[in-house]
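Beneath this line is the structure, given in structure tokens, with notes to follow.
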Amino acid sequence: MSCRLLYAGACAALLLTGCLVPERFTARTAFQSDGSYEYSYAGTAVHTLAAGQTANGDKLSPKAEAGMHDQAAKLERNGEIRQVAYNGNARYDLSVEGKRQRGQALDLLGMLRVHTGPDGVLTLQAGKLDDKEKASMAALGIKLEGKLLVTVPISAEVLSHNATSTPSFFGLIGTYSWKIGSLEQRPEMTIRFKK
5 MSCRLLYAGA
15 CAALLLTGCL
25 VPERFTARTA
35 FQSDGSYEYS
45 YAGTAVHTLA
55 AGQTANGDKL
65 SPKAEAGMHD
75 QAAKLERNGE
85 IRQVAYNGNA
95 RYDLSVEGKR
105 QRGQALDLLG
115 MLRVHTGPDG
125 VLTLQAGKLD
135 DKEKASMAAL
145 GIKLEGKLLV
155 TVPISAEVLS
165 HNATSTPSFF
175 GLIGTYSWKI
185 GSLEQRPEMT
195 IRFKK
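In the numbering used here, the protein residues as written are 5 to 199.
As structure tokens, then:
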């Protein structure tokens with residue numbers, strides 16, 4: 005199988021998770037006592053289709069590069085995207101900020117998902133990649149390196165989490181945080197808010 009076909013297959017698999025994939029970033033989510041929350045993402049994101057074209061050392065054509073700049077302009081029209089700049093090599097600098105009311109779901113670049121179940125328990129978790137998607141990302145040279153910080157009010161009950169570090173002084177100071185250095189790491193947290 006040729007390298008071009010391999011990378012085309014990798015891109016097709018990554019299309020299932022979206023065209024932009026987080027790479028180096030800091031993401032934050034701050035929950036309020038009423039269950040509403042604010043979130044942000046600051047860092048780089050990779051355009052998987054373009055990365056597939058450059059993975060074997062080829063450069064994007066001038067037309068493709070112009071298309072990437074046009075994509076940045078289109079992304080800026082999204083109300084939650086504060087800033088986006090195309091840096092070449094299929095990568096963007098991206099800043100996203102937004103708010104959600106209690107019960108409103110979130111899917112932030114497939115990296116961070118928030119949803120509330122019928123039992124009222126809120127689940128925050130990283131998007132799950134199957135083995136084929138992980139292999140595709142590795143073949144494209146995409147390496148995940150980031151930090152996720154979650155602030156939870158003292159009135160909320162954290163039912164479970166797999167955070168790297170937790171708030172100190174009886175949960176009063178600091179955040180739940182995850183240092184993410186591989187595709188294998190999958191932050192998860194469940195929270196119950198008072199009604």
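Every residue, glycine too, gets a C-beta built ideally from N, C-alpha and C. Just so it is clear, the structure is predicted and the values come from calculations on it, not from any experiment.
- DSSP places M193 in no alpha helix (DSSP H) but in the uninterrupted beta strand (DSSP E) bounded by 192 to 196.
- Shown here, Q105 sits in coil according to DSSP, grouped into three states, outside any helix or strand.
- Of the residues M141, A142, E84, the one whose Cα lies closest to the Cα of V100 is E84.
- Assignment of T170 by DSSP, reduced to helix, strand and coil, places it in the coil class.
- A direct Cα-to-Cα measurement between S169 and G131 gives close to 20 Å.
- Here the alpha carbons of I158 and P171 stand approximately 11 Å from one another.
- Counting the other Cβ atoms within 10 Å of the Cβ of Q105 gives fewer than 16, which makes it exposed.
- Of all C-beta pairs linking the stretch 54 to 65 to the stretch 131 to 147, three or more are shorter than 8 Å, placing the two stretches in contact.
- For L79, the enclosing alpha helix (DSSP H) starts and ends at 66 to 79.
- Note that the stretch 40 to 51 touches the stretch 21 to 32; at least 3 beta-carbon pairs, one per stretch, sit closer than 8 Å.
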